[in-house]
Amino acid sequence: MMAHWATRGVRGSSRGGESRPGLGRRAGGIDLRRNQLGGQIGTDPIFSATSHTGRARSSVTRSAGRQRLTLSTDEQEIFDGLGGEALQKTIRAVVDYGEIFGASRLVPLGGAPHHAISWGSRGIEPLLRIYRELAESGLRAYAPFTSNPKPMDPIDLPLVLDQHLALAKIFNFTDELERLNLELGLRSPGDWSCACYEPEMGNTPEFGDYLAWSESSAITFANSVLGARTNRNPIGIDMLCSILGKAPYFGLMTDRGRLADWLIEVETSRRCSPQVLGSTIGLRVLEGVPFIVGLDRYLSRGAAHTADYLKDLGAAIAGNGGVGLIHIEGITPEAVRWGRDLLAAGFETAVIDDDEIERVRAGYPNLWKHRHGKPKRVFLGCPHLTVGQIVDWGRRIVDALEAIQASTIGIPTHLFASSHVRKAFEHQHPELAGRLQELGVTIPSNCPMMWCSTPLEDAELVATNSNKTRVYTTARFFDDDVLAELVATGELPEGVQ
Numbered sequence: 011m012m013a014h015w016a017t018r019g020v021r022g023s024s025r026g027g028e029s030r031p032g033l034g035r036r037a038g039g040i041d042l043r044r045n046q047l048g049g050q051i052g053t054d055p056i057f058s059a060t061s062h063t064g065r066a067r068s069s070v071t072r073s074a075g076r077q078r079l080t081l082s083t084d085e086q087e088i089f090d091g092l093g094g095e096a097l098q099k100t101i102r103a104v105v106d107y108g109e110i111f112g113a114s115r116l117v118p119l120g121g122a123p124h125h126a127i128s129w130g131s132r133g134i135e136p137l138l139r140i141y142r143e144l145a146e147s148g149l150r151a152y153a154p155f156t157s158n159p160k161p162m163d164p165i166d167l168p169l170v171l172d173q174h175l176a177l178a179k180i181f182n183f184t185d186e187l188e189r190l191n192l193e194l195g196l197r198s199p200g201d202w203s204c205a206c207y208e209p210e211m212g213n214t215p216e217f218g219d220y221l222a223w224s225e226s227s228a229i230t231f232a233n234s235v236l237g238a239r240t241n242r243n244p245i246g247i248d249m250l251c252s253i254l255g256k257a258p259y260f261g262l263m264t265d266r267g268r269l270a271d272w273l274i275e276v277e278t279s280r281r282c283s284p285q286v287l288g289s290t291i292g293l294r295v296l297e298g299v300p301f302i303v304g305l306d307r308y309l310s311r312g313a314a315h316t317a318d319y320l321k322d323l324g325a326a327i328a329g330n331g332g333v334g335l336i337h338i339e340g341i342t343p344e345a346v347r348w349g350r351d352l353l354a355a356g357f358e359t360a361v362i363d364d365d366e367i368e369r370v371r372a373g374y375p376n377l378w379k380h381r382h383g384k385p386k387r388v389f390l391g392c393p394h395l396t397v398g399q400i401v402d403w404g405r406r407i408v409d410a411l412e413a414i415q416a417s418t419i420g421i422p423t424h425l426f427a428s429s430h431v432r433k434a435f436e437h438q439h440p441e442l443a444g445r446l447q448e449l450g451v452t453i454p455s456n457c458p459m460m461w462c463s464t465p466l467e468d469a470e471l472v473a474t475n476s477n478k479t480r481v482y483t484t485a486r487f488f489d490d491d492v493l494a495e496l497v498a499t500g501e502l503p504e505g506v507q
């Protein structure tokens with residue numbers, strides 16, 4: 011009998027056999043469409059509007075049968091079990107996934123893997139069983155990989171005992187997942203960050219590399235800013251593709267899938283927040299591929315501040331929609347190389363001006379349990395901050411405190427970054443690092459979004475400038491100027507409700 015993880019009907023080596031049902035919406039009684047509110051880790055809040063492959067559902071054609079994926083001789087041998095049962099299960103699951111979305115073949119992966127990860131809830135248990143079997147079989151990823159950050163940082167985001175015990179129950183697989191990731195090829199115990207592509211993290215793919223990543227903000231950066239090619243893969247599929255060293259060729263892996271179906275004309279009077287602009291674009295295109303014009307008035311190709319801007323812009327677009335790729339005229343590599351030839355036939359056009367930005371910004375809800383309560387923490391860094399962003403925020407905080415002659419921050423403030431980025435910042439800017447420490451600012455390396463998706467956030471109202479954290483949790487979004495004053499004084503500015 012052939013081994014299989016994912017579905018019921020088992021095909022013979024002839025690649026014929028019975029067809030299988032598509033992916034269900036429930037698993038083990040857990041609704042997989044839920045977002046992270048209440049601590050239940052899940053998919054994007056607008057799952058009903060997107061397919062999470064980087065292409066809109068309206069562009070997907072349905073047929074009575076599933077297109078069969080063509081395997082090479084070596085791949086067929088693995089499929090037939092000659093590489094062992096665990097590897098056979100791996101390729102069969104990857105093939106099923108590819109065939110669901112019409113993939114024609116598998117392609118070898120380049121660069122290095124990066125995995126998203128869910129640290130708790132019953133929804134992770136099936137993946138744990140798979141990871142255990144892979145590790146016990148001695149399989150490892152095709153290259154040492156990085157992974158998304160942990161949910162807690164007990165040193166730089168300390169908790170009282172009751173809070174620690176509560177989070178330990180929610181994120182109850184942390185130790186085992188860390189051990190399994192190391193056995194399966196995690197590069198080192200410190201390689202946890204959603205911004206793996208930063209030079210200090212060292213997982214920066216090359217132009218044209220095929221990847222099988224699953225962290226939406228990293229996917230958007232890799233596809234858009236670096237010109238690599240990856241779909242928005244589910245958690246679990248990323249690991250299986252890494253073990254196999256191959257991924258299905260469809261969607262954003264293909265030339266056709268990378269054509270833009272939206273022309274977004276940015277006509278704002280000034281460079282606006284990447285967080286707000288990103289949410290405006292994401293809500294408009296949902297899961298399309300936007301070609302954005304007008305940003306080259308404010309951004310310089312290749313500059314560090316441009317990469318930081320695009321990091322946050324892409325994360326906000328991806329978090330408010332299902333986007334996995336953006337092209338920006340005069341800035342991103344494919345847009346520079348091919349220009350408006352990247353626009354697909356029949357593309358739609360949208361204009362984003364100051365009024366549209368204000369309309370979207372005014373629509374952000376206040377989801378705090380106590381709507382008019384006083385914020386208890388400030389979270390900056392989702393995705394994780396770069397060295398340059400820590401420096402910018404550090405100087406801004408120091409200046410704000412000096413302006414009111416304060417000796418310490420007015421509210422617990424946390425600048426989230428990978429441990430590698432934090433060490434680089436401390437080495438390159440020791441005086442500023444020491445000053446921030448004196449003021450009480452910490453630089454945790456965990457995931458702020460996962461922290462905010464727990465019941466802790468109900469009691470400790472969080473203020474943030476991250477649109478992704480805003481979308482997935484009850485944390486409340488504020489503009490940078492408001493947050494700078496909040497950090498200094500501990501109070502929201504007068505007139506801000």
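Taken in order, the sequence shown gives residues 11 to 507; the numbers are from the working numbering. Cβ coordinates follow ideal geometry from the N, Cα and C atoms, glycine included. Note that the structure is a prediction, hence the values are computed from the model and not measured.
Is it buried or exposed for Trp587, if we count other Cβ within 10 angstroms and need 16 for buried? Lying before the first or after the last residue shown, residue 587 is absent from the chain, which here runs from 11 to 507.
Note down, one range per segment and in chain order, each alpha helix (DSSP H) of at least 4 residues found wholly within the segment 143 to 221. 171 to 180, 184 to 194
Going along the chain, which residues of its own chain have a beta-carbon closer than 7 Å to the beta-carbon of Phe357, five neighbours each way excluded? Ala270, Asp271, Trp272, Leu273
Which residues mark the beginning and the end of the alpha helix (DSSP H) in which Val295 is found? 284 to 295
By the three-class DSSP mapping on this structure, what secondary structure does Val8 have? Outside the modelled stretch of the chain, which goes from 11 to 507, sits residue 8, for which no answer is possible.
Using 8 Å as the threshold, is the segment 423 to 439 in touch with the segment 334 to 354, meaning 3 or more CB pairs across them? no
Sort out for me which residues DSSP pairs Leu116 with in a bridge. Pro258
Among Thr83, Val235, Arg150, Pro123, nearest to Glu193 - alpha-carbon criterion: Looking only at Thr83, Val235, Arg150, Pro123, the smallest Cα-Cα distance to Glu193 is reached by Arg150.
Looking at the structure shown, is Gly505 part of a helix, part of a strand, or coil, going by DSSP? The answer is coil: DSSP assigns Gly505 none of H, G, I, E or B.
DSSP on Ala443, reduced to helix/strand/coil? helix
Helix, strand or coil, according to DSSP, for Ala355 in the structure here? strand
Below 8 Å between beta carbons: does that hold for Leu79 and Ala103? no
Between the beta-carbon of Ala452 and the beta-carbon of Leu167, is there less than 8 Å? It is Thr, not Ala, that sits at residue 452 in the sequence shown. The answer is yes: Cβ separation under 8 Å.
Quick check: what's the CA-CA separation for Arg25 versus Pro118? Note that Arg25 has pLDDT 34, beneath the 50 cutoff, so the model's placement of it is unreliable and the number below is only indicative. Using only the alpha carbons, I get a separation of about 21 Å.
Any idea what DSSP makes of Pro136, helix, strand or coil? helix
Candidates Pro284, Ile341, Gly121, Glu95: which alpha carbon is nearest Ala326's? Pro284
Which same chain residues end up closer than 7 Å to Gln399 when comparing Cβ atoms and leaving out the 5 residues on each side of it in sequence? Setting aside the 5 residues that flank it on each side, Gln399 is surrounded in the same chain by Asp318, each with a C-beta closer than 7 Å to its C-beta; the list follows chain order.
Whole-angstrom Cβ separation of Ala98 and Gly108, contact assumed at under 8 Å? Looking at the sequence shown, residue 98 is not Ala but Gln. Contact flag wrong, Cβ pair sits at about 16 Å.
So Phe301 packs on Phe111, CB below 8 Å; how close in whole Å? Not confirmed; about 23 Å, so no contact.
Consult DSSP for Phe301 and reduce its assignment to one of helix, strand or coil. strand
Given a cut-off of 8 Å on the beta-carbon distance, is the pair Met536 and His125 in contact? Here the chain has residues from 11 to 507 only, and residue 536 is not among them.
Could you tell me if Ser198 is buried or exposed, where buried requires 16 or more neighbouring beta carbons within 10 angstroms of its beta carbon? When all chains shown are included, Ser198 counts as exposed.
What do you get for Ala372, buried or exposed, if any count of 16 or more other CB atoms within 10 angstroms of its CB means buried? exposed
Near Thr230, what residues of its chain come up, given a Cβ to Cβ distance below 8 Å and the 5 sequence neighbours on each side ignored? Gly324, Ala325, Ile327, Ala328, Val333, Gly334, Leu335, Ile336
Spatial distance of Ile421 from Leu287 (CA atoms): 28 Å
If contacts are defined as beta-carbon pairs under 8 Å, then Glu143 and Ala205 qualify, I think. What distance do you get, rounded to the angstrom? About 30 Å; that fails the 8 Å criterion.
Three-way DSSP call (helix, strand, coil) for Arg486 in this model: strand
Can you name, in chain order, every residue of its own chain whose Cβ lies under 7 Å from the Cβ of Ser503, other than the five neighbours on each side? The identity of residue 503 in the sequence shown is Pro, whereas the question assumes Ser. The answer, listed in chain order, is Val492, Glu495.
Can you tell me where the alpha helix (DSSP H) holding His382 begins and where it ends? Neither: His382 is in no alpha helix (DSSP H) and is coded neither H nor E.
Beta-ladder partner(s) of Trp461, from DSSP: DSSP lists no partner for Trp461.
Three-state secondary structure assigned by DSSP to Ile367: helix
What did DSSP end up calling Arg549 once you bin it into helix, strand or coil? A query on residue 549 cannot be resolved here, the shown segment of the chain reaching from 11 to 507 and no further.
The alpha helix (DSSP H) spanning Glu275 covers which residue range? Premise fails: Glu275 lies in the beta strand (DSSP E), 270 to 276, not in any alpha helix (DSSP H).
Have a look at the DSSP bridge pairing and note the partners of Phe389. His424, Thr474
Any non-hydrogen atom of the ligand FMN within 7 Å of Pro375 CB: For the structure depicted, the ligand FMN is absent and the ligand set is empty, with no information on it obtainable.
List the residues that DSSP assigns as beta-bridge partners of Ala360. Ile274
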